[in-house]
Amino acid sequence: MTDTPRALDDLRVVEMGQLLAGPFCGQLLGDFGAEVIKIEPPVTGDPMRQWGREKPHGQSLWWPILARNKKSVTLNLREPEGQDLARRIIAQADVLVENFRPGTLERWGLSPEALWELNPGLIITRVTGYGQNGPYSPRAGFGSIGEAMGGIRYVTGDPGSAPARAGISLGDELAGTFAALGTLVALHARQRTGKGQIVDSALYEAVFALMESLVPEWELAGYQRERTGSVLPNVAPSNVYPTKDGPVLIAANQDTVFRRLAEVMGRPELADDERYATHGARGANAEELDELIGVWTASLTSDEVLEKMHANGIPAGLTYRAKDMLADPHFKAREAIIRLAHPEFGEFPMQNVFPKLSGTPGRVRSVGPELGANNTEIYGGLLGLTEAELEKLQADGVV
Numbered sequence: 481m482t483d484t485p486r487a488l489d490d491l492r493v494v495e496m497g498q499l500l501a502g503p504f505c506g507q508l509l510g511d512f513g514a515e516v517i518k519i520e521p522p523v524t525g526d527p528m529r530q531w532g533r534e535k536p537h538g539q540s541l542w543w544p545i546l547a548r549n550k551k552s553v554t555l556n557l558r559e560p561e562g563q564d565l566a567r568r569i570i571a572q573a574d575v576l577v578e579n580f581r582p583g584t585l586e587r588w589g590l591s592p593e594a595l596w597e598l599n600p601g602l603i604i605t606r607v608t609g610y611g612q613n614g615p616y617s618p619r620a621g622f623g624s625i626g627e628a629m630g631g632i633r634y635v636t637g638d639p640g641s642a643p644a645r646a647g648i649s650l651g652d653e654l655a656g657t658f659a660a661l662g663t664l665v666a667l668h669a670r671q672r673t674g675k676g677q678i679v680d681s682a683l684y685e686a687v688f689a690l691m692e693s694l695v696p697e698w699e700l701a702g703y704q705r706e707r708t709g710s711v712l713p714n715v716a717p718s719n720v721y722p723t724k725d726g727p728v729l730i731a732a733n734q735d736t737v738f739r740r741l742a743e744v745m746g747r748p749e750l751a752d753d754e755r756y757a758t759h760g761a762r763g764a765n766a767e768e769l770d771e772l773i774g775v776w777t778a779s780l781t782s783d784e785v786l787e788k789m790h791a792n793g794i795p796a797g798l799t800y801r802a803k804d805m806l807a808d809p810h811f812k813a814r815e816a817i818i819r820l821a822h823p824e825f826g827e828f829p830m831q832n833v834f835p836k837l838s839g840t841p842g843r844v845r846s847v848g849p850e851l852g853a854n855n856t857e858i859y860g861g862l863l864g865l866t867e868a869e870l871e872k873l874q875a876d877g878v879v
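Numbering (my numbering), first residue to last: 481 to 879.
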């Protein structure tokens, strides 16, 4: 794989953000070959180096994934000398990714207009809570707030409980994903125009983009979506059903698929029953239909249910945890989990690069780097600083 061409290996990306949303965009670009130069504050680095519930050896298990394929340089962007070095690096880049509050780059003399004077083709990808304009733009914005404002928190969880978190940093990672998409679109446009532009990715808008027909449902039909737990409203059967040894998911809501389920259950007459014969009828009678299916599944083990479902072309599966993913043969066959060498942890497992490309696949080349690991390469090689100049910048706290 080392000789396989990568789709973005002709791009240089400068990442100036921290925590999650902006760096996730950088991770995605790096996965497909872009050179990602991550600028971090001297001494402390990105706070993500310390984040995560479990920290064997006192180190984050999140950082090696989020910062994979990246190069780390230290730079104090609050100092004029640091800002000047940033300009020199950015002048030789294709993309700048940042997720500071709006106006921060401008205060540092790194406004888009100033950067385009040095590098007219530069794509400037800006990830924030609320976007670059509008009355909320100056506010601090974390992923949880974007998830709430974007609508997904309200519809997540059981009907009788308060809105729930998804269990991952969904808002941040969606904003980073849309930022990466926007970056690639802007790079495509640059091929025709030769000019850079701003990619403005807001956390709440990235979440809102996933909200399907929520808005017209309210304005045109007067319907307010609510939390429904494991149920897909008006679509049945599509739920979690009990077995002798744990729940299984079954999604047999299409007419032909439901007919196959009814036959597998030994109840072929259900497919012709007016209460269940059509998509609309099953949705209207979902509760009693789920009860019928649940009585049948409860008489079997999960393996028995799944074997019957798969053999008859009925979508079904289990709710996986990490240990299930590690043991699953399909994950193994698809190389969904890869293992890289880590200086502290030894063999380090993580998710692979997705989606898969047949001609120019992405690849994880390295785990997240040590703080400032690439100072000499970037400052000495790319910018041409001498060893004495670099030592003075270090002594002055600039790098």
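Idealized CB from N, CA, C, for every residue including glycine.
For residue i, the three-state DSSP class (helix, strand or coil)
| i | result |
| --- | --- |
| Met481 | Below a pLDDT of 50, predicted positions are generally treated as unreliable, and Met481, at 47, falls in that range; the measurement from the model is reported next regardless. Correct three-state label for Met481: coil. |
| Met789 | helix |
| Pro829 | strand |
| Ser624 | helix |
| Ile648 | coil |
| Gln721 | Looking at the sequence shown, residue 721 is not Gln but Tyr. Strand. |
| Lys551 | strand |
| Lys535 | coil |
| Arg814 | coil |
| Asp511 | helix |
| Gly852 | coil |
| Leu541 | coil |
| Ile632 | coil |
| Ile519 | strand |
| Glu754 | coil |
| Thr777 | helix |
| Asp490 | coil |
| Val878 | coil |
| Gly562 | helix |
Between the CA atoms of residue j and residue i - distance to the nearest angstrom
| i | j | result |
| --- | --- | --- |
| Phe811 | Ala514 | 26 Å |
| Lys872 | Met496 | 23 Å |
| Tyr756 | Asp725 | 28 Å |
| Ser718 | Glu692 | 19 Å |
| Gly662 | Glu653 | 14 Å |
| Gln874 | Gly630 | 43 Å |
| Gln671 | Pro618 | 33 Å |
| Gln704 | Ala628 | 16 Å |
| Glu561 | Ser591 | 16 Å |
| Gln734 | Pro748 | 15 Å |
| Glu767 | His790 | 24 Å |
| Leu565 | Val493 | 15 Å |
| Pro713 | Ala682 | 29 Å |
| Lys803 | Ile818 | 14 Å |
| Leu491 | Phe512 | 10 Å |
| Trp698 | Val553 | 49 Å |
| Cys505 | Leu865 | 29 Å |
| Asp770 | Arg762 | 10 Å |
| Asn556 | Glu520 | 8 Å |
| Gly502 | Arg558 | 19 Å |
| Glu743 | Ala660 | 46 Å |
| Thr840 | Leu820 | 20 Å |
| Asp680 | Gly774 | 47 Å |
| Leu851 | Val879 | 11 Å |
| Ile794 | Ala731 | 7 Å |
| Gly861 | Glu869 | 13 Å |
| Pro823 | Glu867 | 27 Å |
For residue i, the nearest candidate out of the options (CA to CA)
| i | options | result |
| --- | --- | --- |
| Met528 | Trp542, Lys535, Lys518, Glu534 | Trp542 |
| Leu667 | Val878, Pro849, Gly877, Leu488 | Leu488 |
| Phe834 | Glu784, Gly861, Phe688, Gln507 | Gln507 |
| Ala689 | Leu664, Leu650, Pro592 | Leu650 |
| Ala796 | Leu576, Asp783, Arg747, Gly532 | Asp783 |
| Gly601 | Leu585, Ile570, Asn579 | Ile570 |
| Phe738 | Ala868, Pro727, Leu750 | Leu750 |
| Asn599 | Phe580, Val575, Gln498 | Val575 |
| Phe622 | Leu585, Phe580, Ala659 | Phe580 |
| Ile517 | Gly538, Gln498, Thr840 | Gln498 |
| Leu509 | Gln539, Arg568, Gly532, Val577 | Val577 |
| Ala646 | Pro809, Glu743, Arg707, Thr840 | Arg707 |
| Asn792 | Leu741, Arg801, Asn765 | Leu741 |
| Gly609 | Glu597, Trp596, Ser624, Leu595 | Ser624 |
Residue i CB to nearest heavy atom of the ligand ADP below 8 Å
| i | result |
| --- | --- |
| Arg567 | Inclusion of the ligand ADP in the displayed structure is not the case, the ligand content being empty and no account of it being possible. |
Nearest-angstrom beta carbon gap, residue j and residue i [assumed within contact, 8 Å]
| i | j | result |
| --- | --- | --- |
| Phe825 | Pro536 | 7 Å |
| Gly656 | Val607 | 7 Å |
| Gly676 | Ile604 | 7 Å |
| Lys551 | Asn832 | In fact, because the Cβ distance is near 21 Å, the residues do not count as touching under 8 Å. |
| Val728 | Val785 | 5 Å |
Within-9 Å CB hit, residue i to chain C
| i | result |
| --- | --- |
| Ala807 | Included in the structure is just one protein chain, with no chain C present. |
TODO: Check whether the segment 625 to 644 touches the segment 520 to 534, taking contact to mean three or more Cβ pairs, one atom from each stretch, closer than 8 Å.
DONE: no
TODO: Say whether the segment 543 to 552 touches the segment 833 to 850, bearing in mind that this needs 3 or more beta-carbon pairs closer than 8 Å, one atom from each stretch.
DONE: yes
Task: Contact the segment 600 to 613 vs the segment 638 to 647: 3+ CB pairs below 8 Å - done: no
- [ ] Check whether the segment 775 to 792 touches the segment 719 to 738, taking contact to mean three or more Cβ pairs, one atom from each stretch, closer than 8 Å.
- [x] yes
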